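Asker: First to last, the protein sequences are chains A and B.
For the first sequence, this note's numbering assigns the number 196 to the initial residue and increments by one for each residue that follows.
For the second sequence, this note's numbering assigns the number 6 to the initial residue and increments by one for each residue that follows.
From the three backbone atoms N, C-alpha and C, an ideal C-beta is built for every residue, glycine too.
Only a predicted model underlies this, so the values are computations on that prediction, with no experimental measurement involved.
Mind having a look at this structure? Questions to follow.
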Amino acid sequence: MHKMLNIKIDGKPVKVPENHTILQAADEAGIHIPRLCYHPKLPAIGACRVCIVEVEGMKQYPPACCTKVNEGMNIRTNTPNIRMARRDIVELILDNHPRNCQICEKNNNCELQSLANTLGVREFRYEGERKKYNADSSFSLTRDPEKCILCGKCVRVCAQIQGVNALTYAYRGFKSTVMPAFNLPIQDSVCINCGQCTLFCPTAALMEKDSTEEVWKNLHDPEKTVIVQIAPAVRVAIGEAFGLPPGTDKTGATVTALRMLGFDVIFDTQFSADLTIMEEGHELIERIKQNGKLPMFTSCCPGWVKFCEHFHPDFLDNISTCKSPQQMMGALIKTYYAKKSTIPKEKIYSVSIMPCTAKKFEATRPEMNSSGFRDVDAVLTTRELIKMIRQAGIQFEKLADSEFDDPLGESTGAATIFGVTGGVMEAALRTAYEVLTCNELPGIDFKPVRGMEGIREATVEINDMKINVAVLYSLSNVNKILSEIRAGKRNYHFIEIMACPGGCLGGGGQPYPQGATDPLDKQFYQQRAQGLYHIDQNKKYRKSHVNPQISKIYQDFLTQPLGSVSHELLHTHYHVRTPRGITHISEETVSL
Amino acid sequence: MTITVKKTEITPEMKKKLGQLAAFIKSQTPLHDNQSLLMSVLHYIQILFGFLPREAMELVSEQLHIPTAHIHGMATFYNYFTLKPRAPYQIFMCKGTACYVAGGARVLDKLKEVLKTDIGENSPDGLFSLNITRCLGCCGLSPVMQINEDIHVRIVPEKIPEIIEHYKQKHKKKNIESTQTEIGGFEHPAQ
């Protein structure tokens with residue numbers, strides 16, 4: 196237990212534990228001190244100096260985010276001097292920032308913009324030299340150092356949460372820039388494209404690579420049949436942009452909106468998620484029966500897959516060979532569906548809507564062309580879809596529900612929970628249990644694999660066989676567990692790994708948290724998760740293998756799980772990537 | 006300006022030096038923790054190679070388990086470290102007040118013109134690097150310029166081509182005398 200201290204904030208006496216900073220104390224007392232570089236889950240570095248306060252007896256204005264409270268401290272957060280100093284600081288940041296808010300992608304979602312507005316900056320009083328850099332982009336992300344205000348949130352989330360360390364500060368003083376190692380293009384770095392940095396960036400310095408123009412072009416092309424698929428996590432988050440609480444199920448409205456945008460055929464990534472379970476479940480059974488490489492890792496998350504290729508190449512054989520649901524759907528659209536509908540595959544333009552920036556990269560992998568063409572032509576994040584809906588003038592909140600198209604639109608509740616951490620595991624267990632025991636599952640919810648902790652483990656008994664499973668998210672957790680597996684300290688059969696905190700629902704392409712909510716806020720992610728569990732509960736089918744369309748596609752086309760057609764269309768391989776990633780576990784690594 | 010650190014050509018000499026570096030790191034790792042060792046390793050590289058080649062930084066990253074991004078960050082933070090080979094002739098033109106008033110700026114323009122380079126860059130022939138300094142402590146003799154160990158005083162722009170030519174000739178002569186080129190004007194660390 197920490198000792199409680201008596202302090203005063205703006206004249207109000209409060210009791211706070213001694214390990215609190217002034218900012219934490221103020222937050223608890225209901226006083227919001229303005230901030231830019233602070234995030235409750237990341238180590239405080241006092242980079243932006245916006246959170247300065249006045250403390251009686253101190254000559255300078257200390258930054259509230261990294262000043263600990265003392266007994267009897269008398270803090271003032273809102274004096275004329277502090278207000279002026281704070282505004283000066285923001286004005287100086289703005290002086291070295293492009294003044295083109297109207298044409299900036301982050302307009303109305305920019306923390307710097309809203310802070311300047313709140314603090315009452317009404318004129319540019321400082322005119323100085325402005326830094327000049329070229330923007331850089333990969334398949335997934337764009338980086339524009341001119342818009343960077345050096346708050347370092349991206350650097351910290353990349354190092355402490357994801358353990359990737361793709362970005363750091365380089366140079367110093369006026370020349371300080373956040374960049375990948377050796378100032379190489381982000382494409383050539385160890386960046387895994389998870390896009391968490393885009394959720395944390397207060398300005399538009401880090402953004403997803405925009406594909407909306409390309410999709411519009413194809414939507415308006417009369418020659419093209421544009422087919423779209425939507426990932427589970429999108430449907431419970433998209434409403435947030437239109438004033439709905441997180442976790443609101445907007446599946447039907449999203450389908451309607453997609454039709455209005457001009458997409459010709461609308462499929463559900465959940466169908467191929469069910470298919471993933473069929474393939475991956477059988478692969479697991481096979482590996483266990485035939486003494487194959489264990490533990491087996493899930494392969495749905497392209498961020499994790501690239502991470503493994505850079506950082507843990509010794510574990511590449513442990514990743515399931517199954518393609519991710521996005522790529523399975525992509526392959527089926529241009530083979531199975533093209534044949535069935537007699538649309539020539541070269542006329543099909545395949546789009547997927549994902550909560551994820553790494554999916555953009557995944558779609559460009561050269562091995563993802565089972566149909567002879569690129570299987571998925573364009574990937575839009577949830578944010579980009581929201582932008583297109585707005586551009587088209589669609590009033591999303593007023594839309595009626597509509598249904599997915601046949602035959603790749605039918606799905607089960609097991610597929611819906613792919614969007615939340617632990618969901619793939621739960622879906623796989625539901626199917627594996629019934630396939631192995633030939634009995635019906637007594638209770639359908641595998642509660643031990645649910646939750647919002649970054650590392651969870653459980654033992655499931657199937658046919659007297661004990662299967663050890665683990666569910667991980669955030670790659671610094673993965674670094675930790677993998678090194679323990681190497682050391683023989685942990686023993687698992689099956690591990691679900693998602694790069695983003697909370698699973699896909701906390702993906703790098705999801706809507707920016709609205710209002711005072713921070714990214715990584717567990718309660719906020721819990722709400723999105725509840726939305727998915729709710730959909731699952733109300734589904735007619737809740738186990739992947741009972742999906743009638745899945746049985747049909749095996750009958751008509753794929754023959755059997757792990758069969759030769761599956762092998763060609765639904766499975767893939769991985770390879771070692773350079774530059775070699777360095778696993779660096781620092782004391783500051785944040786456990787979620 | 007910020008530069009992109011490209012790969013260096015791996016010559017036998019470079020290979021030998023990388024081996025030397027690996028041995029140095031190995032000898033030091035039991036004594037220090039990796040993070041605090043980084044600084045002295047980078048110093049060692051700067052002296053050994055005359056600059057910080059990407060291959061050397063990558064080697065350090067692997068051996069000390071420190072991400073390359075962090076190493077690059079540190080290498081660019083300190084002025085002592087350079088990412089490009091240093092030219093054998095380091096020109097420091099004084100831009101302090103006295104030299105500036107006495108026409109130092111015009112001398113600097115002439116230097117840029119003759120060397121076909123900019124401040125902080127190497128000349129295209131790789132012989133000279135042009136830098137700015139703030140005071141060399143002999144303002145009475147301004148404008149002042151330092152080239153390696155030599156101080157040139159009361160310079161006028163017209164004298165610049167002659168001075169530069171002098172060093173070019175000097176370098177040529179030195180090259181003929183010894184076939185072994187000295188990298189970056191630094192001596193190799195004792196082995």
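Would you mind telling me which residues of chain E sit closer than 8 Å to K717/A, beta carbon to beta carbon, in chain order?
Answerer: No chain E is present in this structure, whose protein chains are A and B.
Asker: Note down, in chain order, each residue of its chain lying with its Cβ closer than 8 Å to the Cβ of K582/A, except the 5 sequence neighbours on either side.
Answerer: Around K582/A: T407.
Asker: Does A103/B come within less than 9 Å of chain A when only Cβ atoms are used?
Answerer: no
Asker: Suppose you measure from the CA of T34/B to the CA of L69/B; what does that come to, to the nearest Å?
Answerer: 8 Å
Asker: Using Cβ-Cβ distances below 7 Å, what residues of the segment 75–100 of chain B are close to chain A?
Answerer: H75, H77, G78, T81 and F82
Asker: So, does the CB of S66/B fall closer than 9 Å to a CB anywhere in chain A?
Answerer: Interface residue (Cβ-Cβ distance to chain A less than 9 Å): S66/B is classified as such.
Asker: Kindly say whether G776/A, judged by its beta-carbon, lies nearer than 9 Å to any beta-carbon of chain B.
Answerer: yes
Asker: Can you tell me the Cβ-Cβ gap for T537/A and H766/A, rounded? I've got them flagged as a contact below 8 Å.
Answerer: Not really, about 27 Å apart at Cβ, beyond 8 Å.
Asker: Quick check: what's the CA-CA separation for L132/B versus H779/A?
Answerer: 40 Å
Asker: Just to confirm my understanding: we take V350/A, look at its own chain, exclude 5 residues before and 5 after, and list those with CB closer than 7 Å. What are they?
Answerer: The answer, listed in chain order, is L362, T363, Y364 and V373.
Asker: Leaving aside the five residues before and after I528/A along the sequence, list all residues of the same chain whose C-beta is less than 6 Å from its C-beta, in chain order.
Answerer: I422 and S545
Asker: Is it true that the CB of V619/A sits closer than 9 Å to the CB of E557/A?
Answerer: no
Asker: When DSSP labels each residue in this structure, what does M620/A get in the three-state scheme?
Answerer: It is helical.
Asker: Under 9 Å between C-beta atoms, does T516/A make it to chain B?
Answerer: no
Asker: How far does the beta strand (DSSP E) with D463/A in it reach, from first residue to last?
Answerer: V460 to D463
Asker: Counting only the same chain and skipping the five closest in sequence on each side, list residues whose C-beta sits under 8 Å from that of K100/B.
Answerer: Counting only Cβ-Cβ distances below 8 Å, and skipping sequence neighbours, we find G109, A110, L113, I137, T138 and R139.
Asker: Return yes when the Cβ of L453/A is within less than 9 Å of the Cβ of P550/A, no when it is not.
Answerer: P550/A is not a Cβ neighbour of L453/A, given a cutoff of 9 Å.
Asker: CB-CB under 6 Å to P171/A, same chain, minus the five flanking residues each way: which ones, in chain order?
Answerer: Limits of chain A in this structure are 196 at one end and 787 at the other, which puts residue 171/A out of reach.
Asker: N658/A: buried (16+ other C-beta within 10 angstroms of its C-beta) or exposed?
Answerer: exposed
Asker: Rounded to the nearest angstrom, what separates R681/A and D509/A at their Cα positions?
Answerer: 10 Å
Asker: Which residues, taken in chain order from the segment 364–379 of chain A, show a beta carbon closer than 8 Å to some beta carbon of chain B?
Answerer: Y364, A365, Y366, R367, K370, T372, M374, P375, A376, F377, N378 and L379
Asker: Less than 8 Å between the CB atoms is what I'm expecting for K348/A and P293/A, so what's the real figure, rounded?
Answerer: With a Cβ gap of about 19 Å, K348/A and P293/A do not count as contacting.
Asker: Do we get a CB-CB distance below 9 Å when we pair S384/A with the residues of chain B?
Answerer: yes
Asker: Under 8 Å by Cβ, that's how I've got V264/A and T216/A pegged, so tell me the actual separation to the nearest angstrom.
Answerer: 7 Å
Asker: Distance check for P520/A and F613/A, CA to CA, integer angstroms please.
Answerer: If you take the alpha carbons of F613/A and P520/A, they lie about 10 Å apart.
Asker: For A221/A versus A280/A, is the C-beta distance shorter than 9 Å?
Answerer: no
Asker: In chain A, which residues lie with their C-beta within 7 Å of the C-beta of V10/B?
Answerer: F377 and N378
Asker: Is K301/A closer than 9 Å to D713/A when the C-beta atoms are compared?
Answerer: no
Asker: Beta-carbon within less than 6 Å of Y736/A's beta-carbon, same chain only, minus the 5 sequence neighbours each way: which residues are those?
Answerer: T607 and N742
Asker: With 9 Å set as the bound, which would you pick, yes or no: does the beta-carbon of L345/A sit closer than that to a beta-carbon of chain B?
Answerer: no
Asker: Can you find the residues in the same chain that come closer than 7 Å, C-beta to C-beta, to G206/A, ignoring five residues on each side of it along the sequence?
Answerer: none
Asker: Comparing alpha-carbon positions, which option in I240/A, E605/A, E656/A and F462/A lies nearest P643/A?
Answerer: Of I240/A, E605/A, E656/A and F462/A, the residue nearest in Cα terms is E656/A.
Asker: I'd like to know whether the C-beta of E126/B is nearer than 9 Å to at least one C-beta of chain A.
Answerer: no
Asker: What is the DSSP secondary structure of Y668/A, counted as helix, strand or coil?
Answerer: It is a strand residue.
Asker: Per DSSP, which residues does I650/A bridge with? Please list them.
Answerer: L667/A
Asker: Hey, is the segment 627–639 of chain A in contact with the segment 770–779 of chain A, meaning 3+ C-beta pairs nearer than 8 Å?
Answerer: no
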